[in-house]
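Novice: Numbering (the working numbering), first residue to last: 202 to 441.
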Ligand SMILES: Nc1ncnc2c1ncn2[C@@H]1O[C@H](COP(=O)(O)OP(=O)(O)OP(=O)(O)O)[C@@H](O)[C@H]1O
Ligand SMILES: [Mg+2]
């Protein structure tokens, strides 16, 4: 259980919201530039480090935002090196699938700027682009029972960037106004009507767990950034 992910309104009071990561194992985090995706991702990574004590995690940061993500080690890749680490995670997945590796702990694939990575691949290597998409489909359709946990963050998602869209069973929008656009709503929260969207400032968003209604949340501020950096580094230093 990953606790205190954000706050939701419960009978007029803000209350911390927990996500059962073993059930809601494939997350999409969406929002326009500056909406706070990387900030939110930092917090989630810290919580995974704290609550999933034997988890193993890989972090792929296509934008190479080292101020946000200063972690180092062979479970972290930036920019063009993301492809190589993505392949490594796929191999781990395949090893679990083929029972060459025990499913002893959760294995996280955390990817910031997923769509930008795909757009880059599409421009430079069409075959690889297709290959990466089909691997993502494999992983999100079969990964849950194999301990794979997937977190993708992106400024915008197109249906084509999310093979097996409905395998992503926890969808988070870090912007409210973003959902006034029909295409964003259709992709993220297909049942949500435009007049249900309440526009709020940065720090608010909407999320939906599979089978549940769309709900508003408010992000929780990190108090100690330095300790968070240490926790993040600790997570990506396991099993190496
Ligand atoms: N919940 C929040 N409340 C107030 N300010 C926030 C919040 N989250 C992030 N910010 C601030 O907003 C700015 C942008 O945040 P961040 O870099 O996380 O956004 P992003 O969505 O990752 O942007 P980009 O798409 O450009 O990478 C930062 O200065 C950050 O400190
Ligand atoms: Mg960012």
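For every residue, glycine included, the Cβ atom is placed at its ideal position computed from N, Cα and C.
Measure the CB-CB distance between residue 280 and residue 263 and report whether it falls below 8 Å.
Specialist: Yes, the pair counts as a contact, with Cβ atoms nearer than the cut-off.
Novice: Any contact between the region 343-356 and the region 380-387? By contact I mean 3 or more CB pairs, one from each, below 8 Å.
Specialist: No, they do not touch.
Novice: Could you have a look at residue 406 and say whether DSSP puts it in helix, strand or coil?
Specialist: Here residue 406 sits in strand by DSSP.
Novice: Just the Cα atoms here: how many angstroms apart are residue 249 and residue 313?
Specialist: Answer to the nearest angstrom: the Cα atoms are 16 Å apart.
Novice: Quick one: is the Cβ of residue 376 within less than 7 Å of any heavy atom of ligand 2?
Specialist: Residue 376: no, Cβ never under 7 Å from ligand 2.
Novice: Excluding five sequence neighbours on each side, which residues of the same chain lie with their C-beta closer than 7 Å to the C-beta of residue 367?
Specialist: So the list is empty, once near-sequence residues are dropped.
Novice: Contact check, residue 230 vs residue 241 under 8 Å by CB: the rounded distance?
Specialist: Sure, about 6 Å apart at Cβ, within 8 Å.
Novice: For residue 439, which option in 390, 233, 276, 373 has the closest C-alpha, if you only look at C-alpha atoms?
Specialist: Checking every option, the nearest Cα to that of residue 439 belongs to 276.
Novice: Using a C-beta cutoff of 8 Å, does residue 209 count as contacting chain C?
Specialist: Absence of chain C from the displayed structure is noted, only one protein chain being present.
Novice: Report whether the distance from the Cβ of residue 239 to the nearest heavy atom of ligand 2 is below 7 Å.
Specialist: Yes, the Cβ of residue 239 comes within 7 Å of a heavy atom of ligand 2.
Novice: Use the C-beta contact count for residue 244: other C-beta atoms within 10 angstroms, 16 or more gives buried, fewer gives exposed.
Specialist: Residue 244 should be labelled buried.
Novice: What is the rounded straight-line gap between the Cα of residue 326 and the Cα of residue 320?
Specialist: Cα to Cα, the separation comes out at about 10 Å.
Novice: With DSSP as the reference, please indicate the residues paired to residue 261 in a beta bridge.
Specialist: Its beta-bridge partners are 278, 312.
Novice: Taking 8 Å as the threshold (C-beta atoms), are residue 342 and residue 365 in contact?
Specialist: Yes; because the gap between Cβ atoms is below 8 Å, this pair is in contact.
Novice: Helix, strand or coil: which one does DSSP assign to residue 433?
Specialist: Residue 433 falls in the helix class under three-state DSSP.
Novice: Nearest to residue 265 by alpha carbon, out of 301, 216, 287, 282?
Specialist: Here the closest residue by C-alpha is 282.
Novice: Excluding sequence positions up to five away, which residues of its chain have a Cβ less than 7 Å from the Cβ of residue 304?
Specialist: Correct list, in chain order: 297, 347, 348.
Novice: Excluding the five sequence neighbours on either side, which residues of its own chain have a C-beta within less than 8 Å of the C-beta of residue 377, listed in chain order?
Specialist: For residue 377, where only same-chain residues beyond five positions count, the Cβ hits under 8 Å are 398, 399, 400, 401, 405, 406, 407, 417.
Novice: With DSSP run on the structure shown, which of helix, strand or coil describes residue 337?
Specialist: Helix at residue 337.
Novice: Exposed or buried, what is residue 423 when buried is set at 16 or more other beta-carbons lying within 10 Å of its beta-carbon?
Specialist: Residue 423 is exposed by the Cβ-count criterion.
Novice: Got a sec? Which residues, its chain only, sit under 6 Å from residue 332 by beta carbon, not counting five neighbours each side?
Specialist: For residue 332, where only same-chain residues beyond five positions count, there are no Cβ hits under 6 Å.
Novice: Report the start-end ranges of each beta strand (DSSP E) in the region 360-418 that is 3 residues or longer and not cut off at the edges.
Specialist: The qualifying runs are 371-374, 405-410.
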